[in-house]
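Q:
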Amino acid sequence: MSDVEGHGPALTGQETEQVRTRVRLLIELTSRTNEYRRGLSAAARRLSPEEAAVLVDLEKHGMQVPQLHDVLCGGHVLVDNPQLYEEWRHAKGARERISSHHKQIDKKRWPDIGMRGSVVREKLHGRTAQGTWVQLEKTPAAFGKKKLPNIDDLRHLVDYVTYKITRSNVGPWGLSRKTERRPMYLSPDVAMPQNLPDAVAAALGNALKKLEEGDDTTAISEDLAHLFPPPEREDPADELGRSMANGAGRGLFGNSNVWISETRTGTAAAIRRRDRGHAPESVLAEMGLS
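For what it's worth, our numbering labels the leading residue of the sequence shown as 2, then goes sequentially.
Here you go:
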C-alpha cells in the first residue's frame, strides 16, 4: 500500500480501488497462517475511501503484513503521531463516541471518534499523550450523549464479556491479544540521539570500513566486482541511527512468511535434459515446437 499516496483523510476513487485490490491480496497472504471470520473477502470489495485511508496511514507508519491480521481482529494500536487523530476525526462519517480507553486523556478536548465501514465495522480512535490510538470493533456501540441503549449495545456488552473471559479484544474478523495493556506500537518515538566519544566513533568507523571491504570481495565474483563499485563514504558511521524517510522500518513485508511456488517450464526441462547428455537436435525440437 505504500505506493498509494493519499491526500487528507480520504482517497480518490482510483487510489481506493488500488487499496481494495491490495487489501484482498494481503488478506489472502495472512489467511495462509491465520484465520478470519467469514465474509472478510466480500467486505474488502466494498472498502470505502475513508477505510482505505486508515489502512494506508497505518502501513505508512510501519504496519507489516502479519500485523494486519491483528488490526483486523481488533488489536489495540498506538501510533506516535497526533496528526492522525485530526485527520481521522474529520473523515466522512466520523462521529464522537464514548469509550473506556485511555481515561487519562481530556475527552472534552479530544473526544473518542467512531466510524463505521464494511471492513472496519466500527473504527474507534482517540488521542494519547503523544500520539493516536485506534482499534477496530466487531459491534458498534450506539450509546452516548442523549442516546438510549439498543440491540447493538447489548451485542457490544457480549463482546465485553468475551474480552473479560478470553483477555482478547473482539474485532470485526476475529480475536486479538493486542489489548490496551499490551498494544501494538507503530512508529514509536523512542529515538534518543547521542554523540559518541571520539575514540569510540573512530573505532566504530574502522570496524564498519573493514566490514564493507569484506563485502566488496565476497558479495560477487572478483571479475564482476569492479563493474559494481559500492558507494564511497568518508565515515560509514554517519548513517547509523538515521531513520527511513517514511518511518516505515523494514517495510510492509519485512516480517512476513515467504512462500515460493515453482513451475518447471518446458524450456527449463529441455535444457536440463540436454545438460545431462541427452542432446536433441535443438531445444525447440525437444519441446515439440519445431
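For glycine and all other residues, C-beta sits at the position ideal for the given N, C-alpha and C.
#1: Since R98 sits in a beta bridge, which residues does DSSP pair it with?
#2: From the DSSP output, in three-state form, read off E1 for me.
#3: Just to confirm, does N170 get its C-beta within under 6 angstroms of one of the non-hydrogen atoms of the ligand SAM?
#4: Is the beta carbon of L85 closer than 7 angstroms to that of D58?
#5: From R297 to R117, what does the alpha carbon distance come to, in whole angstroms?
#6: Do Q131 and H77 have their C-beta atoms within less than 7 angstroms of each other?
#7: Looking at the structure shown, is N207 part of a helix, part of a strand, or coil, going by DSSP?
#8: Alpha carbon to alpha carbon, how far is T133 from S169?
#9: Taking the alpha-carbon of V20 as reference, which of N35, E36, K61 has the nearest alpha-carbon?
#10: Can you tell me whether DSSP reads S49 as helix, strand or coil?
#11: Suppose you measure from the CA of R98 to the CA of Q15; what does that come to, to the nearest Å?
#12: Which residues bound the alpha helix (DSSP H) around Q65?
#13: Below 8 angstroms on the Cβ atoms is my contact criterion, and I expect D71 with S177 to pass it. Report the Cβ-Cβ distance as a whole number of Å.
#14: Taking C-alpha atoms, which residue in T31, I106, P141 lies nearest to S119?
#15: Where does the unbroken alpha helix (DSSP H) through L79 begin, and where does it stop?
A: Taking the definition as stated:
#1: Translated into positions along the sequence shown, residue 98 becomes position 97. According to DSSP, R98 bridges with D113.
#2: Only positions 2 to 291 of the chain appear in this structure, which leaves residue 1 out of reach.
#3: Although the ligand SAM was asked about, the structure shown includes no ligands whatsoever.
#4: Position 57 of the sequence shown holds residue 58. Position 84 of the sequence shown holds residue 85. A contact, by the Cβ cut-off of 7 angstroms.
#5: Examination of residue 297 is not possible in this model, given that the chain is present from 2 through 291 alone.
#6: For the purposes of this step, residue 131 is taken as the residue at position 130 of the sequence shown. For the purposes of this step, residue 77 is taken as the residue at position 76 of the sequence shown. No. Outside cutoff.
#7: For this step, residue 207 is matched to residue 206 along the sequence shown. Three-state result, N207: helix.
#8: If you number the sequence shown from 1, residue 133 lands on position 132. If you number the sequence shown from 1, residue 169 lands on position 168. Going from the Cα of T133 to the Cα of S169 covers about 21 angstroms.
#9: One-based indexing of the sequence shown puts residue 20 at position 19. Checking every option, the nearest Cα to that of V20 belongs to K61.
#10: In the sequence shown, the residue the question calls residue 49 occupies position 48. Coil, per DSSP.
#11: As a position in the sequence shown, residue 98 is number 97, starting the count at 1. As a position in the sequence shown, residue 15 is number 14, starting the count at 1. One C-alpha to the other measures close to 31 angstroms.
#12: Locating residue 65 in the sequence shown gives position 64, counting from the first residue. Careful: Q65 lies outside any alpha helix (DSSP H) and carries neither H nor E.
#13: The sequence position of residue 71 within the sequence shown is 70, counting from 1. The sequence position of residue 177 within the sequence shown is 176, counting from 1. With 8 angstroms as the limit, D71 and S177 qualify as a contact, their Cβ atoms being about 5 angstroms apart.
#14: Locating residue 119 in the sequence shown gives position 118, counting from the first residue. Cα-wise, what sits closest to S119 is P141.
#15: Here residue 79 is taken as the residue at index 78 of the sequence shown, counted from 1. From DSSP, L79 is part of no alpha helix (DSSP H) but of the beta strand (DSSP E) over 78-80.
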